[in-house]
Each structure stands twice: as structure tokens, then as C-alpha cells.
Amino acid sequence: MEFFSFCFLSFASLLFIFLFTSLLKFFAPTIRQKLPLPPGTMGWPYIGETFQLYSQNPNVFFSSKRKRFGSIFKTHILGCPCVMISSPEAAKFVLVTKSHLFKPTFPASKERMLGKEAIFFHQGSYHTKLRKLVLRAFLPEAIRNIVPDVESHANDCLKSWEGRLINTFQEMKTYTFNVALLSILGKDEILYREDLKRCYYILEQGYNSMPINLPGTLFHKAMKARKELAQILAKIISTRRQMKLDHNDLLGSFMGDKEGLTDDQIADNVIGVIFAARDTTASILTWILKFLGENPSVLQAVTEEQEAIMRSEEKCGDDQSLTWADTKKMPMTSRVIQETLRVASILSFTFREAVEDVEYEGYLIPKGWKVLPLFRNIHHSPENFPDPEKFDPSRFEAAPKPNTFMPFGNGTHSCPGNELAKLEILVLLHHLTTKYRWSMVGTNNGIQYAPFPLPQNGLPIILSRKS
Ligand code: HEM
Ligand SMILES: *[C@@H]1O[C@H](CO)[C@@H](O)[C@H](O)[C@H]1NC(C)=O
């Protein structure tokens with residue numbers, strides 16, 4: 001009797017719990033729906049406010065929205081409802097503390113171009129594994145050994161520009177491509193550089209074209225070039241496997257993993273890293289030359305710092321003589337890099353997508369909506385950086401507050417290549433400022449978006465050796 005009543009009671013309580021949770025589930029959406037969406041306007045059906053965003057300098061769109069609605073607002077671009085955020089707290093929420101609620105998201109055609117196994121598109125265990133392998137190849141301990149090779153690339157490029165009128169951005173792309181290949185393939189790079197460059201060039205032309213896969217279209221050629229890239233990489237991989245050599249580069253890291261990446265996964269990630277590394281670093285270098293050209297006293301200070309390093313160990317101009325330790329003794333030059341990253345903010349924002357309904361500061365961010373942390377607005381807010389449009393490296397004499405300066409992002413997807421990017425920039429600036437002078441050609445006040453902000457026409461300059 002006792003036993004039966006016990007069973008009945010527990011059955012009744014189970015039933016009750018079941019009904020109660022079902023009820024909760026039933027009513028929960030309505031509770032959620034009571035939360036307001038962030039303020040803002042959604043524009044026209046489907047096209048939303050896409051034109052407003054793209055018809056002008058995008059920063060005008062962001063900052064006028066921010067003025068009107070505050071640091072979190074909703075809008076609708078490229079067919080997607082989205083929430084844009086521009087406070088350090090909100091960026092921390094989306095990128096760091098609640099990053100599991102916001103997955104990375106890209107247009108499908110870009111995913112096909114780079115390869116769907118590439119690190120950017122993933123969350124969870126596959127992403128964690130890839131990230132470990134990428135970081136292993138790009139941490140200071142790993143890249144300190146390649147300083148002499150980076151240096152010889154810098155010297156080769158500078159020599160080839162001597163006495164010529166050059167498009168700074170185009171030439172910097174050659175440098176950053178070569179350094180990216182060096183970090184991926186080590187010394188093998190030289191053997192395959194020209195083939196890889198040719199394929200990558202065709203691939204990127206298709207990247208911004210209409211995604212129509214018919215013979216003759218740029219997109220079709222790009223997909224073919226992608227296949228060829230993968231074949232070249234497969235050849236390098238199989239040669240390495242036969243020789244049973246350990247390599248200290250990114251490919252070595254991918255191949256050495258015990259759980260193993262497939263050849264396709266390796267190819268997608270190698271292409272992805274080139275994509276992430278080349279144009280970003282090249283455009284920052286271009287902006288640095290512009291800002292140094294416009295600020296003679298800053299250029300003077302950088303030059304003196306670099307000359308002191310050259311003298312310190314009796315280093316002579318042409319040699320590959322820098323060490324990793326030297327690059328850590330360049331505070332002035334490093335502040336110029338930081339300030340350029342801030343002013344130029346080449347990655348104005350990044351994309352995430354809410355994986356479930358999320359509440360933030362009393363607002364609802366609905367599942368499936370895009371969420372865009374606006375790095376540029378955070379970097380250009382007078383609260384974080386007084387007189388924000390002014391180029392003033394001395395502002396970095398004090399460390400910026402957390403999540404007010406994120407040129408490399410933050411949290412689970414932050415840039416694993418940031419040490420390499422800074423290293424290659426410092427090395428190039430060392431040789432540039434100690435041995436060369438340059439002058440900008442034409443008027444240089446315009447900005448073009450390609451898709452990063454860039455000085456007009458890629459900053460044409462004439463470079464000559466100091467006498
Ligand atoms: C000045 C140059 C660079 C800038 C400003 C930059 C900026 C960034 C930013 C902001 C992110 C995070 C994007 C997000 O959270 O959605 C990122 C991710 C990434 N960057 Fe960089 N980057 C630079 C150079 C490089 C270089 C040289 C490499 C490789 C050698 C690299 C490899 C990557 C990779 C693989 C990711 C994806 C990480 C992940 O999803 O876990 N970047 N970068
Ligand atoms: C990234 O976020 C953490 C946690 O909020 C913070 O301590 C750190 O300073 C942030 N990094 C940057 C570059 O702002």
C-alpha cells in the first residue's frame with residue numbers, strides 16, 4: 001500500500017513536472033516576445049537599408065545611426081535583419097563571454113571560394129582543434145626563427161622598388177604574400193611561389209564576381225584555380241610524407257596532428273590563411289607609409305629609433321641582421337603601428353549570427369539575426385580616444401582600456417596571425433626608414449574601399465635610396 005502510494009505520488013509529480021515544463025515551453029516565446037528589439041529602423045522590405053550603407057562612406061551610416069539610436073541598434077542589410085553594436089561591453093559580450101551564442105557567418109559564395117573547412121566558418125571542437133594547430137605555428141616561439149627570412153623578403157622588395165613610381169598597396173601585397181607563404185611552407189615556398197601566386201590571383205578575381213559556375217566566367221576560372229591550388233598542396237604534402245621530415249611551419253603543424261586533418265581540410269585552411277594574411281597586412285603597411293609621409297616629426301622619431309637599433313650591434317645596412325629581440329625594442333615604431341590600426345580600422349566590423357534568442361541589456365536579439373560588432377566606431381569614439389580623427393601615436397603610451405582597441409578582434413576567433421603581422425611590418429619599416437626616403441605622388445586625400453579602406457589609388461609613391 002505504502003509502496004503504491006509512493007509510486008503514484010512520484011508518477012503524479014513526474015506528470016506535474018512534465019506538464020509544467022511543457023507549459024513553460026509553450027509560454028516562453030511569448031515571454032521572450034515581451035522583450036523589445038533594439039531601437040532602429042529596418043528600411044524597405046528585403047533591401048532594407050543596404051543602399052544607405054553602400055551609397056556613401058559606410059562610416060557615415062554607422063556613426064549617424066549611433067548618434068540617433070545609441071550603441072546598440074537594429075537595421076536590415078543585404079537581406080538580413082541585424083543588430084549593430086558599438087560599445088566595449090557589448091563587444092565583450094558577443095566576442096568573448098557569450099561567444100558560444102554567436103556563430104561566425106559569411107555569404108555562401110565566399111565559403112565556396114575559401115573552402116568550407118576553413119577555420120573562420122567553424123565553432124566548437126573542430127574550430128578548437130584548428131585553432132590550436134594555427135596558433136602553434138604563429139606564436140612568438142615559432143616565428144622568432146623566421147626573422148632572417150622575413151628580412152630577406154623585405155630587402156628584396158625594397159630593392160625592386162628603388163627609383164620607381166610604385167603603387168604601394170600592390171607592392172605590399174607581394175611582400176605580405178611572400179611572408180604568408182614562408183610561414184605556411186617554410187623553405188619549400190620558393191619552389192612553388194610562382195604557381196601558387198598565379199592560382200591565388202585567379203581565385204581572388206572570382207571572389208568578388210557573380211557566383212555563376214559556367215565555363216568562361218571569372219567564378220568558373222576561380223573554382224578551377226582553387227582545384228589547382230589544392231593539387232599543388234597535395235603534391236607538397238605527399239613529398240613531405242615520403243621524406244618523413246618534420247617542418248616547423250603551418251603545413252607541418254597541420255600534418256603533424258595526431259588526429260589528422262584530411263588533405264582537403266589542409267588545402268581549405270592554407271587558402272584561408274593566405275586570404276586572412278595578405279591584403280589586411282598590406283593595407284596597414286600602405287596606411288603607415290601615408291601617415292609617416294604626412295607626419296615628418298613622427299617619421300623622424302621612428303627613423304632615429306631604427307637607426308639606433310642598426311648601430312647598437314654594429315649592424316650594417318644591407319645585412320640580414322635583425323633578431324626577434326631587436327623587434328621588441330621598437331616602442332615608438334610599435335605605437336605607430338597601433339595608431340595606424342586604430343585610425344584606419346581596416347576591418348570596420350565583423351559578422352556573427354545569434355544561434356538562439358539572446359537577451360542583452362533588456363533587448364531581444366532574435367535567433368538567426370546577424371550581429372555586427374563595429375570595431376571602427378569603438379576605435380573612433382571620443383570616449384575611448386579623445387580627438388579620434390587625429391593621428392597621434394603617443395596616445396598608446398598608456399595601454400588602452402579592455403575592449404576599446406580590437407584591431408585583431410577578441411575572444412575565440414581573434415586573429416592568430418597578429419604576432420606575425422606585427423613582425424613583418426616592423427622588419428619592413430626598419431629597412432625602409434634606415435635606408436630609403438619616399439614621396440607621395442598626386443593628391444592623396446581620397447579613400448577607396450577595396451573592400452578595405454585604402455588610400456586612393458593604392459598610394460602611388462616614388463622611393464629612392466638615402467644618400
Ligand atoms: C594587420 C593585419 C591583420 C589584421 C588587422 C587582422 C585582423 C583580424 C581580425 C579582426 C580577426 C577576427 C575576425 C572575427 O572575429 O570575426 C582575424 C582573424 C583571423 N586572422 Fe587576422 N589579421 C591580420 C593579419 C593576419 C595574418 C598575418 C594572419 C596569418 C598569418 C591572419 C590569420 C587570421 C586567421 C586564420 C583568422 C581566423 C581565426 C579564427 O576564426 O579562429 N591574420 N584577423
Ligand atoms: C578581450 O577581452 C578580455 C575580457 O573582457 C579583456 O580582458 C581583454 O583586454 C580584451 N582584449 C582586448 C584586445 O581588448
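When the sequence shown is numbered by UniProt numbering, its final residue is 467 and no position is left out of the sequence of numbers.
C-beta atoms are modelled at their ideal positions from N, C-alpha and C, and glycine is treated no differently.
Excluding five sequence positions before and after Tyr207, the CB atoms of its chain that fall closer than 6 Å to its own CB belong to Met113, given in chain order.
The alpha-carbon of Thr443 is positioned some 28 Å away from that of Phe349. Annotation for Ile72: no alpha helix (DSSP H) segment contains it, though the beta strand (DSSP E) segment containing it runs 72 to 77. Under the DSSP definition of a beta bridge, Ile365 partners with Val358. The C-alpha of Tyr360 is placed about 12 Å away from the C-alpha of Ser71. Ranking Lys401, Lys370, Lys67, Ile447 by CA distance to the CA of Phe102 puts Lys370 first. Partner residues in a beta bridge of Leu35, as assigned by DSSP, do not exist. Taking C-beta atoms as the reference points, His153 and Leu196 fail to come closer than 8 Å.
If you draw a straight line from the Cα of Lys129 to the Cα of Gly260, it comes to about 10 Å. Considering only Cys157, Gly446, Thr168, Leu185, the residue with the shortest C-alpha distance to Ile462 is Thr168. Beta-bridge analysis with DSSP links Gln123 to no other residue. With a beta-carbon spacing of about 33 Å, Ser125 and Asn377 fall beyond the 8 Å limit used to define contacts. For Lys67, the enclosing alpha helix (DSSP H) begins and ends at 58 to 69. Here the alpha carbon of Lys187 sits roughly 13 Å from the alpha carbon of Leu245. Relative to the Cα of Asp279, the nearest Cα in the group Val134, Pro460, Ile346 belongs to Ile346.
By the C-beta density criterion, Ser238 is exposed, having fewer than 16 other C-beta atoms within 10 angstroms. Out of Val83, Gly417, Met440, Ile236, the CA that lies nearest to the CA of Ala276 is found in Gly417.
In this structure, Ile346 has its beta carbon less than 7 Å from a heavy atom of ligand 1.
Boundaries for Val94: no alpha helix (DSSP H) harbours it, and the DSSP string shows neither H nor E there. As summarised for the stretch 224 to 311, the continuous alpha helix (DSSP H) elements at least 4 residues long and confined to that stretch are 250 to 256, 263 to 294, given in chain order. Within 7 Å of the C-beta of Val96 there is at least one heavy atom belonging to ligand 2. Only residues of its own chain outside the window of five on either side were considered, and among them Ile266, Ala267, Val270 have a CB closer than 7 Å to the CB of Leu233, listed in chain order. Closest in C-alpha terms to Ala282, from the list Arg164, Thr97, Ala450, Phe69, comes Ala450. Where Phe351 is concerned, there is no enclosing alpha helix (DSSP H), because DSSP gives it neither an H nor an E. Thr333 is classed as buried because its beta carbon has at least 16 other beta carbons within 10 Å across all chains shown.
With a threshold of 7 Å, the Cβ atom of Val134 counts as near ligand 1, since some heavy atom of the ligand is closer than that.
Under a 10 Å Cβ-count criterion, Ala399 is classified as exposed, with fewer than 16 other Cβ atoms of the shown protein chains found around its own Cβ.
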